[in-house]
Amino acid sequence: MFWLKVKKNFLSKVLTRTMVSTVNYKPQMIKDIFPKLDHSRYKGQNGKIGVVGGSQEYTGAPYFAGMSALRFGADLVHIFCSQSAATPIKCYSPELIVHPMESDPLKADQVLEQWFERLHTVLIGPGLGRSEQAVRLVNSIAQKGLGGKPLIIDADGLFMVSENPLLLVGAKNVTLTPNQVEYRRLCTAIANLGTTKTGMDNPELMLTEFFGSEVTLVKKGQSDVIFNKHGKIEVDINGGLCRCGGQGDVLSGSIALFTHWAQEAKHENPALFGAYAGCYVTKKLSEKVFNEMGRSMVAGDMISAIPSFLKESFY
């Protein structure tokens, strides 16, 4: 009996070291982070979100991310994009505040720093491209951080983190939103550095060991797996069957907003819960739109459906 008890204790300790503890969030909890609407509130209190992205080839991605945040309830969204992307994005929607970025890196950094002080959350990556200027932007923002404000990194921003994962060592309040391919690329890059005790046999533990307690991962897929050093949850529900482009941008925009709301609501794990809320509502929204539009569904249909979806689900 003594040795059996010792063996059980040993296995328990090993499992504790090799697993991220699972948390149990419920969809009805999401409404708890929604700010109350009353006549005393003023413009900006419900969220000022920045989106750094948009290039000559990709103008839709930052638009979908920004409009997602607005439609879910943000008050203001600022898009920081290349000069060639600014006019198309402005033409898509007058609700978005569009800033064409300077080509000079020093000037661009100065402008971004001034604006970031006024924002609650920044999302970097949608449609950003992989130009030298884009690489400099990601490096600069990742290294400087946002002073504890949430930073969401998606799309091309994730590619650059995979190229240099050390950018985020010691980073605070960062959420990464990789798809399956981006996740494998990131895991391989970190494993190749050889700086963690854990390897590819336990990628979740390896990532949390490498990044520390302030980085949250959102592994997107049929089931979305969200984890950081403090907890893990799986969003195992079906979205729509149509995999049209832009859905990831809708998701990242919602995560940017909900992470801010969770932080304002003093949630014990705001990054994890904000990502959970974003994944849940985006999957349910996708399901609703697919049921109405079928294979003709596009990301713009999801943006248009957000008001009715919120009314049906959360009011």
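Going by UniProt numbering, 7 is the number at position 7 of the sequence shown; the sequence numbering is gapless. The beta carbon of each residue, even a glycine, is placed where N, CA and C say it ideally should be.
| Asked | Found |
| --- | --- |
| Check this for me: beta carbons of T175 and T216, under 8 Å apart or not? | yes |
| Considering only C-alpha positions, which residue in the set C242, R243, T195 and A85 is nearest to V169? | T195 |
| Looking at the structure shown, is E234 part of a helix, part of a strand, or coil, going by DSSP? | strand |
| Between the beta-carbon of residue 322 and the beta-carbon of V77, is there less than 8 Å? | For the chain, the structure presents residues 1 to 315; residue 322 sits outside this window and is missing. |
| Taking the alpha-carbon of G60 as reference, which of A86, Y42 and S296 has the nearest alpha-carbon? | A86 |
| From F2 to K172, what does the alpha carbon distance come to, in whole angstroms? | In this prediction, F2 has a pLDDT of 41, which is less than 50 and means its spatial position is unreliable; what the coordinates show is noted afterwards. About 45 Å. |
| Relative to the C-alpha of L96, which candidate in F80, V138 and I255 has its C-alpha closest? | F80 |
| What's the call for T259, buried or exposed, on a 16-neighbour Cβ count within 10 Å? | buried |
| Exposed or buried, R71, counting other C-beta atoms within 10 Å across all chains shown (16 or more means buried)? | buried |
| Pick helix, strand or coil for C242, following the three-state DSSP scheme. | coil |
| Are the CB atoms of P150 and A271 within a distance shorter than 8 Å? | yes |
| Helix, strand or coil: which one does DSSP assign to V20? | coil |
| Would DSSP call T177 helix, strand or coil? | coil |
| Can you name the start and end residues of the alpha helix (DSSP H) that F273 belongs to? | P270 to M293 |
| Skipping 5 residues on each side, what residues in its chain have a beta carbon closer than 6 Å to that of Q28? | none |
| Using the DSSP secondary-structure output, state which residues sit across from T121 in a beta bridge. | I49 |
| Indicate whether the contact test is met: 3 or more Cβ pairs, each with one atom in the region 276 to 291 and one in the region 234 to 248, closer than 8 Å. | yes |
| Short of 6 Å in beta carbon distance, which residues of its chain neighbour G294, apart from the five on each side in sequence? Order them along the chain. | none |
| May I ask which residues mark the beginning and end of the alpha helix (DSSP H) holding V250? | Q247 to E264 |
| Grab me the residues of M206's own chain with a C-beta within less than 8 Å of its C-beta, minus the 5 sequence neighbours each way, in chain order. | C187, I190, A191, T196, T198, G199 and M200 |
| Indicate the three-state DSSP secondary structure (helix, strand or coil) for K197 in the structure shown. | coil |
| Could you give the C-beta distance for S162 and R185, rounded to a whole number, given that I count them as a contact under 8 Å? | 5 Å |
| Under the three-state reduction of DSSP, which class applies to F210: helix, strand or coil? | helix |
| Look at the alpha carbon of N202 and the alpha carbon of D154, and state the distance between them as a whole number of angstroms. | 23 Å |
| What is the DSSP secondary structure of V298, counted as helix, strand or coil? | coil |
| Should H39 go down as buried or exposed, given a rule of 16 or more other Cβ atoms within 10 Å for buried? | exposed |
| Assign K48 to buried or exposed, taking buried as 16 or more other Cβ atoms, counted over all protein chains shown, within 10 Å of its Cβ. | buried |
| Check the DSSP bridge columns for L217 and list the partner residues they point to. | L176 and F227 |
| For Q247 versus G221, is the C-beta spacing smaller than 8 Å? | no |
| Residues in its own chain within less than 6 Å of F183 by CB, not counting five upstream and five downstream? | Residue identity check: residue 183 is Tyr in the sequence provided, not Phe. The answer, listed in chain order, is K219. |
| On the premise that I30 lies in contact with Y315, defined as a C-beta separation below 8 Å, what is that separation, rounded to the nearest angstrom? | Their Cβ separation, rounded to whole angstroms, is 12 Å, which puts Y315 and I30 out of contact at 8 Å. |
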